[in-house]
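Trainee: Residue numbers (the numbering used here): 3 to 596. Backbone N, C-alpha and C fix where the C-beta goes; we use that ideal spot for every residue, glycine too. None of the values given here were measured: they were computed from a predicted structure.
(1) With burial defined as no fewer than 16 other Cβ atoms inside 10 Å of the residue's Cβ, what is the status of residue 233: buried or exposed?
(2) Given residue 212, which residues of its chain have a CB within under 7 Å of its CB, disregarding the five upstream and five downstream residues?
(3) Measure the CB-CB distance between residue 206 and residue 157 and report whether it falls below 8 Å.
(4) Let me know the secondary structure DSSP gives residue 90 once reduced to three states.
(5) What does the Cβ neighbour count give for residue 194, buried or exposed, with the cut at 16 atoms within 10 Å?
(6) Kindly confirm or deny that the segment 432-447 and the segment 415-423 touch, where touching means at least three C-beta pairs closer than 8 Å.
(7) Relative to the C-alpha of residue 493, which residue among 119, 290, 130 and 86 is closest?
(8) Among 569, 593, 576 and 558, which has the Cα closest to the Cα of residue 582?
(9) Taking contact to mean 3 or more Cβ pairs, one atom from each stretch, closer than 8 Å, check whether the segment 494-505 and the segment 562-574 are in contact.
(10) Could you please give the first and the last residue of the uninterrupted beta strand (DSSP E) stretch that includes residue 369?
(11) Give every residue of the same chain whose Cβ lies closer than 6 Å to the Cβ of residue 27, excluding the five residues on either side of it in the sequence, and list them in chain order.
(12) DSSP state of residue 114, grouped into three classes?
(13) Excluding the 5 residues flanking residue 452 on each side, which residues of the same chain have their C-beta closer than 7 Å to its C-beta?
(14) Starting from residue 2, follow the alpha helix (DSSP H) in both directions and report where the run begins and ends.
(15) Between 258, 169 and 260, which lies nearest to residue 539 when the distance is taken from Cα to Cα?
(16) Rank 547, 293 and 527 by C-alpha distance to the C-alpha of residue 99 and give the top, closest one.
(17) In this structure, does DSSP put residue 190 in helix, strand or coil?
(18) How big is the Cα-Cα spacing for residue 83 and residue 429?
(19) Quick check on this structure: which residue in 335, 353 and 324 has the alpha carbon closest to the alpha carbon of residue 372?
(20) Less than 8 Å separating the beta-carbons of residue 253 and residue 225?
(21) Is the Cβ-Cβ distance between residue 527 and residue 578 less than 8 Å?
(22) Within its chain, find whatever has a CB closer than 7 Å to the CB of residue 455; leave out the 5 residues flanking it on each side and keep chain order.
(23) Taking its Cβ as the centre, do 16 or more other Cβ atoms sit within 10 Å of residue 590, making it buried, or is it exposed?
(24) Considering only C-alpha positions, which residue in the set 488, 486 and 450 is nearest to residue 345?
(25) Shortest alpha-carbon distance to residue 89 belongs to which of 330, 392 and 243?
(26) Taking just the CA atoms, how far does residue 284 sit from residue 491?
(27) Does the segment 387-394 touch the segment 302-311, meaning 3 or more C-beta pairs lie closer than 8 Å?
(28) May I have the straight-line CA-CA distance separating residue 179 from residue 143, to the nearest angstrom?
(29) Identify, in the order they occur along the chain, each residue of the same chain with its Cβ nearer than 7 Å to the Cβ of residue 343, setting aside the five sequence neighbours on each side.
(30) Residues bridged to residue 355 by DSSP?
(31) Going by the DSSP bridge assignment, what does residue 170 pair with across the sheet?
(32) Along the chain, where does the alpha helix (DSSP H) that runs through residue 472 open and close?
(33) Of the residues 565, 368 and 276, which one's Cα is nearest the Cα of residue 318?
(34) Please classify residue 241 as buried or exposed, where buried requires at least 16 neighbouring CB atoms within 10 angstroms.
(35) In this structure, how does DSSP classify residue 95 when only helix, strand and coil are distinguished?
(36) Looking only at C-alpha atoms, which of 476, 315, 366 and 332 sits nearest to residue 340?
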C-alpha cells in the first residue's frame with residue numbers, strides 16, 4: 003500500500019483493492035477497508051491554500067459540499083473557446099461522458115465523448131480517455147487505449163458483455179455506433195457483423211439482462227432524424243434559433259440480445275418495442291416490483307415509455323397506466339435526463355426526469371398497488387418543482403452527499419432556445435444566450451428538498467451550457483464525486499467533501515460471476531434505517547458511471563443486515579463486518595432467501 007496525492011489529498015492505491023475491481027485475475031472477491039482521510043491530509047503549500055485550508059485538525063469543516071478540482075486534476079489543457087453555433091440541432095443536443103474503471107486497477111478513468119465543432123460535422127472528433135497518474139493528475143491516454151471512436155459522439159454505456167471481468171464500451175453516435183471489447187485494459191472495436199447498428203442518431207444506451215440468461219443485452223435510445231434544411235426562429239420571429247423535436251421525424255429505439263461470443267442480434271420488432279419517438283434518457287431496472295428488469299425511456303416532448311418485461315422476451319408499454327407517461331397535470335414534457343433512487347426513504351425507488359424551461363423537472367414517487375408499483379407526480383410537494391421551472395435540465399443523479407443516509411439531487415442545466423443572459427455566463431456572445439447554472443437539492447427528509455447555493459460551491463456558480471454528469475468515488479475516500487460535461491467539450495470535476503461531516507459509509511459491489519450485476523437491488527439495515535440502492539451504470543443523460551452502490555451511514559459503525567435481490571430475481575443475505583470500506587458481494591456466496 004502506498005500513498006499518492008490527488009488534488010491536494012492523500013489517497014491510497016491498494017493493489018488488493020484493485021483486484022476487487024474489474025480485474026479477472028483474482029480468485030475470489032475481496033473485502034478491503036479504505037481509510038478515512040481527514041487526519042492524513044497532505045497540504046503542499048499551493049494546493050493547501052487552494053483546497054485544504056492548511057487548518058490541520060483545528061480547521062472547521064468547510065460548508066461547501068462540492069469543491070471544483072478541474073485545474074488541479076489537469077483537465078483544462080484541451081479546453082478552448084467554442085465557435086458560434088450554426089443552429090443545427092445536433093450541436094445543441096449532445097454531451098454524454100463516462101467515469102468508469104477501464105483497466106481494472108480500482109480507479110475510474112474519464113472518458114470524453116467528443117463531436118465536431120459547429121460547421122465542421124464532416125471532421126472526425128476522436129473520443130478521449132484520461133487516466134489518473136501517480137502524481138494525482140489526469141493524463142490523456144494515447145489513442146484512448148483503442149476507445150478513440152471518431153464519430154459524431156453523443157453518449158456511452160459500459161458493461162461486461164463477455165463475463166470476463168473487464169468493462170466493455172458502447173459509444174452512441176449520430177451515425178454508426180461503436181462497440182468496443184476490453185482486452186485487459188486495451189480496447190478493440192468489434193467487427194460490424196457483431197452488432198449491426200443503424201445509422202440513426204443514438205442518444206443514451208444501457209446494458210441489461212432482460213431475458214435472465216446470464217449475459218448482458220443492450221438497449222439503445224434513438225433521438226430523431228436530422229434535417230439540416232429546417233429553419234426556426236424565436237417566438238417573436240426576430241432571431242434564428244434551434245428547432246425543437248416536433249420539426250423532425252422520431253426514430254424507434256433498438257433492443258439487441260446478446261447471443262454470446264461478442265455477437266448481438268436486433269430483436270426490437272419481436273420484443274414489441276414500437277413507436278418512433280425522440281428518446282433521450284433511459285433507466286433499465288425493475289420498475290413494477292415483479293423482479294424482472296424493465297426499460298424506462300424519457301422522450302423529448304412526447305409521452306415517456308415504460309417497457310414492462312413480460313418474461314417471455316417481449317415488452318408492453320405501461321407508462322400511462324402506471325403514471326410515468328405524463329406529468330401530474332396530464333401533459334407530455336421534454337424528457338432529457340433520468341435518475342432512480344429512494345427520494346423519500348419509504349423503501350421504494352422513485353424516478354426523476356429533467357425537462358425544458360417552463361416545465362418543472364418531475365419527481366415520480368413510487369407506491370404499492372395490487373398491480374405492482376405505480377407512480378405519482380410529487381414535484382410540487384417535494385420542493386423541486388417551482389425551483390426548476392425556469393431551467394432546462396440534462397444530466398442528473400441521486401447521491402448521498404453528506405453520508406447521512408438521505409439521497410440528495412444534482413442537476414446539470416443549459417438551454418436549447420435563447421433566453422435571458424445570466425450575469426454569471428462567460429461562454430462567449432453566442433452561447434451566453436443558452437447558459438444556465440446547475441442546481442443542488444439537499445434532502446431534508448420525507449421527500450422534501452431544499453435548493454442549496456452556498457454549499458454547492460462552484461457547481462452552482464457557473465452559468466454554462468452543461469449536459470452530462472457522471473458519478474464515481476474518484477479518490478476512494480468514501481463519497482461520490484462528480485464529472486460534468488459542457489457544450490464545447492469542456493469538463494468540470496467536483497470533489498465531494500462529505501468526509502468533513504465525520505459520517506460513516508459503505509460501498510458495495512454486487513457481482514454475478516466476474517461482472518457487476520446491473521439491475522440488482524442492494525438493501526442495507528443499520529440502526530433504525532433501511533436503505534435501498536439500485537446497481538446501475540447508465541442513467542443521467544447519455545453517461546456511464548461507476549456501478550458500485552454507496553450508502554451513507556450517519557454515525558452508525560455497524561451493519562445489521564444486507565441483502566441483494568439479483569437481476570434474476572433471487573435474493574441472498576450477507577454479513578458485513580465494519581464500515582468505511584468497499585464490500586464485494588458475489589452471487590452464490592450469501593444465504594439464499596425465499
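Mentor: Once the coordinates are examined:
(1) Mapped onto the chain shown, residue 233 falls at position 231. Classification for residue 233: exposed.
(2) Within the chain shown, residue 212 is the residue found at index 210, counting from 1. Taken in chain order, the residues that qualify are 219, 295 and 311.
(3) Your numbering for residue 206 matches position 204 in the chain shown. Your numbering for residue 157 matches position 155 in the chain shown. Result yes, Cβ atoms of residue 206 and residue 157 sit closer than 8 Å.
(4) One-based indexing of the chain shown puts residue 90 at position 88. Residue 90 falls in the coil class under three-state DSSP.
(5) Here residue 194 refers to the residue found at position 192 when the chain shown is read from its first residue. Exposed, since its Cβ has fewer than 16 Cβ neighbours within 10 Å.
(6) yes
(7) As a first step, residue 493 is located in the chain shown; it is residue number 491 there, counting from the start. The shortest C-alpha separation from residue 493 is found at 130.
(8) Here residue 582 is taken as the residue at index 580 of the chain shown, counted from 1. The shortest C-alpha separation from residue 582 is found at 558.
(9) No: the two stretches stay apart, fewer than three of their Cβ pairs being nearer than 8 Å.
(10) For the purposes of this step, residue 369 is identified with residue 367 of the chain shown, where counting begins at 1. Element bounds for residue 369: 364-371.
(11) To locate residue 27, count along the chain shown from 1; it is residue 25. Unreliable positioning characterises residue 27 in this predicted model, as indicated by a pLDDT of 36, which lies under 50. The coordinate reading is nonetheless provided below. So the list is empty, once near-sequence residues are dropped.
(12) The residue you call residue 114 lines up with position 112 of the chain shown. In this structure, residue 114 counts as strand in the three-state DSSP scheme.
(13) If you number the chain shown from 1, residue 452 lands on position 450. Within the same chain, residue 452 has close Cβ partners 385, 443, 444 and 446.
(14) Here the chain has residues from 3 to 596 only, and residue 2 is not among them.
(15) Here the question's residue 539 lines up with position 537 in the chain shown. It is 169 whose Cα lies nearest to the Cα of residue 539.
(16) Walking along the chain shown from the start, residue 99 turns up at place 97. Of the candidates 547, 293 and 527, the one whose C-alpha sits nearest the C-alpha of residue 99 is 547.
(17) By one-based count along the chain shown, residue 190 stands at place 188. When secondary structure is reduced to three states using DSSP, residue 190 falls in the strand class.
(18) Working through the chain shown from its first residue, we reach residue 83 at position 81. Working through the chain shown from its first residue, we reach residue 429 at position 427. Looking at the backbone, the Cα of residue 83 and that of residue 429 are separated by about 8 Å.
(19) Taking the first residue of the chain shown as 1, we reach residue 372 at position 370. Nearest of 335, 353 and 324 to residue 372, Cα basis: 324.
(20) In the chain shown, the residue the question calls residue 253 occupies position 251. In the chain shown, the residue the question calls residue 225 occupies position 223. It is a contact, given that the beta carbons lie within the stated cut-off.
(21) Locating residue 527 in the chain shown gives position 525, where the first residue counts as 1. Locating residue 578 in the chain shown gives position 576, where the first residue counts as 1. Here residue 527 is not near residue 578, since their CB atoms are 8 Å or more apart.
(22) The count along the chain shown starts at 1 and reaches residue 455 at position 453. For residue 455, same chain residues with a beta-carbon under 7 Å away, outside a window of 5 residues either side, are 462 in chain order.
(23) On the chain shown, residue 590 is found 588 positions in, with the first residue counted as 1. Result: exposed.
(24) Locating residue 345 in the chain shown gives position 343, where the first residue counts as 1. Of the listed residues, the one whose Cα sits closest to residue 345 is 450.
(25) Taking the chain shown and counting its residues from 1, the one referred to as residue 89 is at position 87. Residue 89 has its Cα closest to that of 243, out of 330, 392 and 243.
(26) Here the question's residue 491 lines up with position 489 in the chain shown. Here the question's residue 284 lines up with position 282 in the chain shown. Answer to the nearest angstrom: the Cα atoms are 22 Å apart.
(27) Touching, no.
(28) Taking the first residue of the chain shown as position 1, residue 179 is located at position 177. Taking the first residue of the chain shown as position 1, residue 143 is located at position 141. Answer to the nearest angstrom: the Cα atoms are 22 Å apart.
(29) Position 341 of the chain shown holds residue 343. Taken in chain order, the residues that qualify are 351, 352, 400 and 409.
(30) Here residue 355 refers to the residue found at position 353 of the chain shown. For residue 355, which the question treats as bridged, DSSP gives the partners 340 and 364.
(31) Along the chain shown, one-based indexing puts residue 170 at 168. Within the DSSP bridge table, the entry for residue 170 names 161 as partners.
(32) As a first step, residue 472 is located in the chain shown; it is residue number 470 there, counting from the start. Where residue 472 is concerned, there is no enclosing alpha helix (DSSP H), although the beta strand (DSSP E) it sits in stretches over 468-474.
(33) Counted from its first residue, the chain shown places residue 318 at position 316. Per the Cα distances, 276.
(34) Position 239 of the chain shown holds residue 241. That one is exposed.
(35) Within the chain shown, numbered from 1, the residue matching residue 95 stands at position 93. If DSSP states are grouped into helix, strand and coil, residue 95 belongs with coil.
(36) By 1-based counting over the chain shown, the position of residue 340 is 338. Measuring C-alpha to C-alpha distances from residue 340 to each of 476, 315, 366 and 332 identifies 366 as the nearest.
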